[in-house]
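In my numbering, the protein residues as written are 1233 to 1544.
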């Protein structure tokens, strides 16, 4: 149990270690080529296993706040992804990679970061649930709208992929959760650890697949990834203030907007477009976790939130 907690509490360190290892020893991670979609499905299954029914009811009790958050999520980051692709002068594959990152739902890792930063945790979880549930239709639609400028987009195959690796495993996890109440503590310990391992493998595989590209232009792509991530935090915070959210809700929205489910972007890129399109997502997954951890430390130091606080 202690080992599981150590894994789930060290997502940033393990993701960074996996990315570095994949860069220096690509063959060790290329063996996952035929399995990366399964690993992402396992991640969503694990989320379904730990998603509390009360957190879903939170969505129904606060529809306006959730709707405003979803609107911010699916306008700010897709727009920033498109601007990044255009301003960076990247080739078509890399440009599409930035758009895939921007059009993904928010990351479940963001829920943990919001909790540690003293934000409105239940709101963050409800946001993740809402953006994830509608992602099978919204994400491919946004990629078609914005990414079609750079490359032809296989819309229906993308819808099918998101349904199979997001909606289906999430629903199965939520269904099976009803039958594991007796082992609830074990499930709550094991599911996040399984999700962390899956995310690490997905990102490491994307890095291994792009090792040569990273060695030649990885720094420039990383710079734009950092810009995309930081602007997401800033505009997410500004949107929250525009909505007249309090500090705890503002922290939650800023983190949820800035942190993307880049693993989904990587999975879609590798399945439908190729390794080059997966590079921005792989770098984003590593960087956004590190930046969010740093932001958490800053917010806690400044005392903007009370760690462990939940929204009512």
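We put the beta carbon where it would ideally sit given N, CA and C, even for glycine.
Just so we're clear, the structure is a prediction, and the values are computed from it rather than from any experiment.
Specify the secondary structure class of residue 1305 as computed by DSSP and reduced to three states. Working through the chain shown from its first residue, we reach residue 1305 at position 73. Helix at residue 1305.
CA-CA distance, residue 1300 and residue 1484? To locate residue 1300, count along the chain shown from 1; it is residue 68. To locate residue 1484, count along the chain shown from 1; it is residue 252. If I take the Cα positions, the gap works out to 13 angstroms.
Taking only three categories from DSSP, how would you classify residue 1325? Walking along the chain shown from the start, residue 1325 turns up at place 93. Look at residue 1325 here: in three-state DSSP terms it is helix.
Stretch-stretch touch, CB-based, cutoff 8 angstroms, three pairs: the segment 1363-1370 with the segment 1236-1250: The segment 1363-1370 vs the segment 1236-1250: no contact.
Considering only residues of the same chain and omitting the five flanking positions on each side of residue 1206, which have a CB-CB separation below 6 angstroms? In the structure displayed, the chain extends from 1233 to 1544; residue 1206 sits before or after that span and is not available.
Pairwise C-alpha distance: residue 1256 and residue 1238: Numbered from 1 along the chain shown, position 6 holds the residue referred to as residue 1238. Numbered from 1 along the chain shown, position 24 holds the residue referred to as residue 1256. Approximately 25 angstroms, taken between the alpha carbons.
Taking the alpha-carbon positions, what's the residue 1279 to residue 1405 distance? Locating residue 1279 in the chain shown gives position 47, counting from the first residue. Locating residue 1405 in the chain shown gives position 173, counting from the first residue. Rounded to the nearest whole angstrom, the C-alpha separation of residue 1279 and residue 1405 is 7 angstroms.
Report the option in 1527, 1269, 1248 and 1456 whose CA atom is closest to the CA atom of residue 1401. Translated into positions along the chain shown, residue 1401 becomes position 169. Closest option to residue 1401, Cα to Cα, is 1269.
Rounded to whole angstroms, what is the Cα-Cα separation between residue 1332 and residue 1380? As a first step, residue 1332 must be located in the chain shown, where it is residue number 100. As a first step, residue 1380 must be located in the chain shown, where it is residue number 148. Taking the straight line from one Cα to the other gives about 12 angstroms.
Once you ignore the five residues that flank residue 1475 on each side, which residues in its own chain have a CB closer than 6 angstroms to its CB? To locate residue 1475, count along the chain shown from 1; it is residue 243. Its chain contains 1300 as the residues whose beta carbon lies nearer than 6 angstroms to that of residue 1475, once the 5 sequence neighbours on both sides are disregarded; these appear in chain order.
Please state whether DSSP places residue 1478 in a helix, a strand or coil. As a first step, residue 1478 is located in the chain shown; it is residue number 246 there, counting from the start. Here residue 1478 sits in coil by DSSP.
Please report how far the alpha carbon of residue 1492 lies from the alpha carbon of residue 1391, in whole angstroms. Taking the chain shown and counting its residues from 1, one reaches residue 1492 at position 260. Taking the chain shown and counting its residues from 1, one reaches residue 1391 at position 159. Residue 1492 and residue 1391 have their C-alpha atoms roughly 18 angstroms apart.
In angstroms, rounded to a whole number, what distance separates the CA positions of residue 1323 and residue 1382? For this step, residue 1323 is matched to residue 91 along the chain shown. For this step, residue 1382 is matched to residue 150 along the chain shown. About 8 angstroms.
Nearest to residue 1282 by alpha carbon, out of 1378, 1358, 1519 and 1439? Your numbering for residue 1282 matches position 50 in the chain shown. Ranked by how close their Cα comes to the Cα of residue 1282, the residues 1378, 1358, 1519 and 1439 have 1358 in first place.
Less than 9 angstroms separating the beta-carbons of residue 1523 and residue 1262? Translated into positions along the chain shown, residue 1523 becomes position 291. Translated into positions along the chain shown, residue 1262 becomes position 30. No, they are not a contact pair.
Span separating the alpha-carbon of residue 1271 from that of residue 1511: As a first step, residue 1271 is located in the chain shown; it is residue number 39 there, counting from the start. As a first step, residue 1511 is located in the chain shown; it is residue number 279 there, counting from the start. The straight-line gap separating the alpha-carbon atoms of residue 1271 and residue 1511 is approximately 18 angstroms.
In the DSSP assignment, find the alpha helix (DSSP H) that holds residue 1352 and state where it starts and stops. Here residue 1352 corresponds to residue number 120 of the chain shown, with the count starting at 1. Premise fails: residue 1352 is in no alpha helix (DSSP H) and is neither H nor E.
Which same chain residues end up closer than 7 angstroms to residue 1536 when comparing Cβ atoms and leaving out the 5 residues on each side of it in sequence? Taking the first residue of the chain shown as 1, we reach residue 1536 at position 304. Note that residue 1536 scores a pLDDT of 44, beneath 50, so its modelled location is shaky; the value from the coordinates is reported in the next line. Residues of the same chain with a CB within less than 7 angstroms of the CB of residue 1536, apart from the 5 flanking positions on each side, are 1350, 1479 and 1483 in chain order.
So the alpha helix (DSSP H) residue 1396 belongs to, where does it begin and stop? Locating residue 1396 in the chain shown gives position 164, where the first residue counts as 1. Residue 1396: not part of any alpha helix (DSSP H); DSSP gives it neither H nor E.
Would you grab the beta carbon distance between residue 1250 and residue 1513 for me? Rounded to a whole angstrom, and I think it's under 8 angstroms. As a working note, residue 1250 is residue 18 in the chain shown. As a working note, residue 1513 is residue 281 in the chain shown. That belief does not hold up - the Cβ atoms of residue 1250 and residue 1513 are roughly 14 angstroms apart, past 8 angstroms.
Start-to-end residues for the alpha helix (DSSP H) that takes in residue 1496: Taking the first residue of the chain shown as position 1, residue 1496 is located at position 264. If you look at residue 1496, you'll find it in the alpha helix (DSSP H) that goes 1494-1504.
Anyone know if the C-beta pair for residue 1457 and residue 1247 falls short of 9 angstroms? Taking the first residue of the chain shown as 1, we reach residue 1457 at position 225. Taking the first residue of the chain shown as 1, we reach residue 1247 at position 15. No, these two residues do not count as a Cβ contact at 9 angstroms.
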